[in-house]
Amino acid sequence: MVAGQLGGEVDVACGDGVDDRRVLAHHLIQRRHDLLVEPQQAADGRHIPQEDLEDTTVPRQRAKTLVEGDVGAGDGGRVTGGGGVANALDQASQRGDGAGVLLLADEPRGEFLDRGAQAVDVGDVLGGEADDEHTAAGLLRDETLGAQDLERLADGAAAHVELLGDVRFLEMLPLAVAAEDDLLADPVGGVLGQGARQLDGPQRDGVGHVGRIATDLAICFLSTICSVHGVANIVSLEAWALGPDVERFRYTSFSDEVFTTTTLLRITDADGFWGIGAYDSDTFGMWDRMPIETLRPLLPRLTGRDASDRNGVWALVSEDGTSPFPPAVRSTIDTALWDLTARRAEVPLRELLAGGPCPSSLPGYASVPLLDDETAYRDALAGFVETGFTAVKLHAWGVPGRDASLLYALRSAFPELVLMFDAEGRYDREGARKVASACEAVDARWFEAPLPDFDLEGYRELRDEFGSLPILPAGDALWQPELLSHVLKSDPFSAVRFDVSFVGGPTPSLRLLEVAAQAGLDVELISYGHTVIQAVDLQVALAFGRTTYFEQAVPVEPFEHGVVDVLRTGSDGLVHAPAGPGLGIELDEAGIERIAFERLVVGG
Numbered sequence: 080m081v082a083g084q085l086g087g088e089v090d091v092a093c094g095d096g097v098d099d100r101r102v103l104a105h106h107l108i109q110r111r112h113d114l115l116v117e118p119q120q121a122a123d124g125r126h127i128p129q130e131d132l133e134d135t136t137v138p139r140q141r142a143k144t145l146v147e148g149d150v151g152a153g154d155g156g157r158v159t160g161g162g163g164v165a166n167a168l169d170q171a172s173q174r175g176d177g178a179g180v181l182l183l184a185d186e187p188r189g190e191f192l193d194r195g196a197q198a199v200d201v202g203d204v205l206g207g208e209a210d211d212e213h214t215a216a217g218l219l220r221d222e223t224l225g226a227q228d229l230e231r232l233a234d235g236a237a238a239h240v241e242l243l244g245d246v247r248f249l250e251m252l253p254l255a256v257a258a259e260d261d262l263l264a265d266p267v268g269g270v271l272g273q274g275a276r277q278l279d280g281p282q283r284d285g286v287g288h289v290g291r292i293a294t295d296l297a298i299c300f301l302s303t304i305c306s307v308h309g310v311a312n313i314v315s316l317e318a319w320a321l322g323p324d325v326e327r328f329r330y331t332s333f334s335d336e337v338f339t340t341t342t343l344l345r346i347t348d349a350d351g352f353w354g355i356g357a358y359d360s361d362t363f364g365m366w367d368r369m370p371i372e373t374l375r376p377l378l379p380r381l382t383g384r385d386a387s388d389r390n391g392v393w394a395l396v397s398e399d400g401t402s403p404f405p406p407a408v409r410s411t412i413d414t415a416l417w418d419l420t421a422r423r424a425e426v427p428l429r430e431l432l433a434g435g436p437c438p439s440s441l442p443g444y445a446s447v448p449l450l451d452d453e454t455a456y457r458d459a460l461a462g463f464v465e466t467g468f469t470a471v472k473l474h475a476w477g478v479p480g481r482d483a484s485l486l487y488a489l490r491s492a493f494p495e496l497v498l499m500f501d502a503e504g505r506y507d508r509e510g511a512r513k514v515a516s517a518c519e520a521v522d523a524r525w526f527e528a529p530l531p532d533f534d535l536e537g538y539r540e541l542r543d544e545f546g547s548l549p550i551l552p553a554g555d556a557l558w559q560p561e562l563l564s565h566v567l568k569s570d571p572f573s574a575v576r577f578d579v580s581f582v583g584g585p586t587p588s589l590r591l592l593e594v595a596a597q598a599g600l601d602v603e604l605i606s607y608g609h610t611v612i613q614a615v616d617l618q619v620a621l622a623f624g625r626t627t628y629f630e631q632a633v634p635v636e637p638f639e640h641g642v643v644d645v646l647r648t649g650s651d652g653l654v655h656a657p658a659g660p661g662l663g664i665e666l667d668e669a670g671i672e673r674i675a676f677e678r679l680v681v682g683g
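The working numbering numbers the first residue of the sequence shown as 80 and each following residue consecutively.
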């Protein structure tokens, strides 16, 4: 099953304006058991048996040579270009060791899209039957540009701009995840690939080289290709630290009331398009100035940068200096740039990420903070059920015996309600087993954060003992893809959790989703926070289809300050994403100014 693909309509920028032609996204390969072959065999209409893969693919050195620019019409392929993509192809070729790599790439010369040829063609799907009427080879000949045409385009000849009307962006695999019987190809470089469990030959960390290469290329290319929606530089940035006077909560009996500071960022480009991002930080007794103070010296360095260069900005905020900027800062910037890009494209962010139409709603669950006693929980749950919730997640006292008793009592009172339980990592292993037993007895949907996230042995013991009960981490500590990949090798969790705003925004979330997918796990995204945070988590969840529920913080009002649009679970039990472009959220600037305790403005 392909987790996502590039689609929708894309504006093509030419010179100082935007050409009104559209680049048509085309889903090319969907049939099971199709195998993509190299050009000559494709022309002959033959398929390569799986056991012959190694003999029919380009060896590592040839792949590297092609990546470095030694490619032309005589190579029988098509040219992809743009610095970031070429770098990714180079890295992929180094990784592949010749295992199923067909890379045909070049970095065209000259100016194109106002900043060097960026993503001018993706026509390297090689062979195999595309559908009942066309072979992939035929589609290549009929629907993509030759290397010479692309070279003329790259040189900036205005007479050849109309050639762009013929470019088709073929199948795109943002996560490159295959069902067992699917054979996948990444058209970015004509990568021959398939699901890890199906691939014969060399393996790396339990994942086939080919599948891993396809994933790397696809994720990188998703960011690059979205740049084609138009190019405009960042002209202004505004940040606010918001400290609303709202009801405050505790999440265990051991914690104090939480002060939640929302750091909100808006980025505007030279064409007037804007995007927003936010981060919530919890502190005790006072508001949190760290995120906005970290933004203070950084924002001036973003003015004048290409607003579509999310990868470049991500590198800046991830690797600058000896101490990388924290995820809080990265997420506000990265989310705002993705929102801006989707607004330019006039599509919801979920459709930009998914490559076309995708679901627009998820079942919502009420994420309930610590309440006083069992009666308070009964009353609260009755109210949630009345408003439409069909699922509730409990935060309780952090005392195993008392928490277990609450679960039994609430199951008796609400026999049809879906229950989840979040222990906030407060138990030792004995206490965790006691509450896990109660969760299993009441048929809880999952047991979350019974232990600190890094007690992997404890998590494995719980999963072994309570095999029918899904055990999830809190998700607060596992925000680096490399770390998550390493952790999942020991199979400690039933699903992955993270918050898009906490891990750094949509860009790193793509890689975390890919890591989870490679492990065969769902991702129950955390969306406990401000409306802007809820919105980006919802858009990502809908785009990639690996999340079963949307976490709705309740009561909802403390999280809805400074915005016109809100996200709430309806009477149908669903949270519906906004229909508008980007995140679909508009700001209430007067409301923001009333509760902002700090404001930054950079540029005009």
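Where is the CB? At the ideal position from N, CA and C, for every residue including glycine.
Being a predicted model, the structure only gives us computed values, none of them experimental.
DSSP three-state assignment for residue i, whether helix, strand or coil
| i | result |
| --- | --- |
| Trp-319 | strand |
| Thr-469 | coil |
| Arg-345 | strand |
| Asp-385 | strand |
| Thr-414 | helix |
| Ser-580 | helix |
| Glu-677 | strand |
| Gln-559 | coil |
| Thr-586 | helix |
| Ile-612 | helix |
| Val-102 | Here Val-102 scores only 24 on pLDDT, less than 50, and its place in the model should not be relied on; the value that follows carries that caveat. Three-state result, Val-102: strand. |
| Pro-379 | helix |
| Leu-551 | strand |
| Ile-371 | helix |
| Val-642 | strand |
Residues near residue i by beta carbon distance below 8 Å, same chain, minus five either side
| i | result |
| --- | --- |
| Arg-481 | Ala-475 |
| Gly-504 | Ala-528, Pro-529, Leu-530, Pro-531, Asp-532, Ala-553 |
| Asp-335 | Arg-329, Phe-363, Gly-364 |
| Tyr-487 | Ala-517, Ala-520, Val-521 |
| Ile-674 | Leu-321, Gly-322, Pro-323, Asp-324, His-640, Gly-641 |
| Ser-547 | Glu-519 |
Boundaries of the beta strand (DSSP E) in which residue i is found, first to last residue
| i | result |
| --- | --- |
| Met-499 | 497–501 |
| Tyr-444 | 440–447 |
| Ile-355 | 353–362 |
| Ala-656 | From DSSP, Ala-656 is part of no beta strand (DSSP E); its letter is neither H nor E. |
| Ala-598 | That residue, Ala-598, is in no beta strand (DSSP E); it is neither H nor E in DSSP. |
| Ala-632 | 629–632 |
| Glu-527 | 525–527 |
Residue-level contact to chain D via CB, residue i, 8 Å cutoff
| i | result |
| --- | --- |
| Leu-600 | The structure shown contains no chain D; it is built from a single protein chain. |
Integer Cβ distance of residue i from residue j, believed to fall under 8 Å
| i | j | result |
| --- | --- | --- |
| Phe-493 | Val-464 | 7 Å |
| Val-521 | Ser-332 | 21 Å between Cβ atoms; not a contact. |
| Leu-411 | Tyr-358 | A small correction: the amino acid at residue 411 is Thr; Leu does not occupy that position in the sequence shown. Rounded, the Cβ-Cβ distance is 5 Å, consistent with contact. |
| Gly-661 | Pro-427 | 7 Å |
| Asp-367 | Thr-347 | About 25 Å; that fails the 8 Å criterion. |
| Arg-429 | Gln-618 | 4 Å |
| Glu-540 | Arg-508 | 7 Å |
| Ser-606 | Glu-630 | 5 Å |
| Leu-374 | Ala-318 | 5 Å |
| Phe-572 | Leu-551 | 6 Å |
| Leu-592 | Phe-623 | 5 Å |
| Gly-584 | Arg-409 | 6 Å |
| Gly-682 | Leu-316 | 6 Å |
Contacts around residue i, its chain only, beta-carbon distance under 7 Å, and the 5 residues preceding and following it disregarded
| i | result |
| --- | --- |
| Ser-439 | Leu-621, His-655, Ala-656 |
| Ala-556 | Asp-532, Phe-533 |
| Phe-545 | Ala-515, Glu-519 |
| Pro-436 | Glu-430 |
Residue range of the unbroken alpha helix (DSSP H) whose run includes residue i
| i | result |
| --- | --- |
| Gly-670 | 668–674 |
| Glu-536 | 535–544 |
| Leu-489 | 479–492 |
| Val-514 | 508–520 |
| Glu-326 | Counting along the chain, Glu-326 falls outside any alpha helix (DSSP H), and DSSP gives it neither H nor E. |
| Leu-431 | 428–433 |
Close Cβ partners of residue i (< 6 Å) along its chain, the five nearest in sequence each way excluded
| i | result |
| --- | --- |
| Val-575 | Ala-595, Leu-600, Val-602 |
| Glu-677 | Ala-320, Ile-371 |
| Ser-564 | Val-594 |
| Lys-472 | Tyr-444, Ser-446, Met-499, Asp-501 |
| Ala-598 | Leu-567 |
| Glu-706 | Residue coverage of the chain in this structure runs from 80 to 683, which leaves residue 706 outside it and unanswerable. |
| Arg-524 | Val-497, Met-499 |
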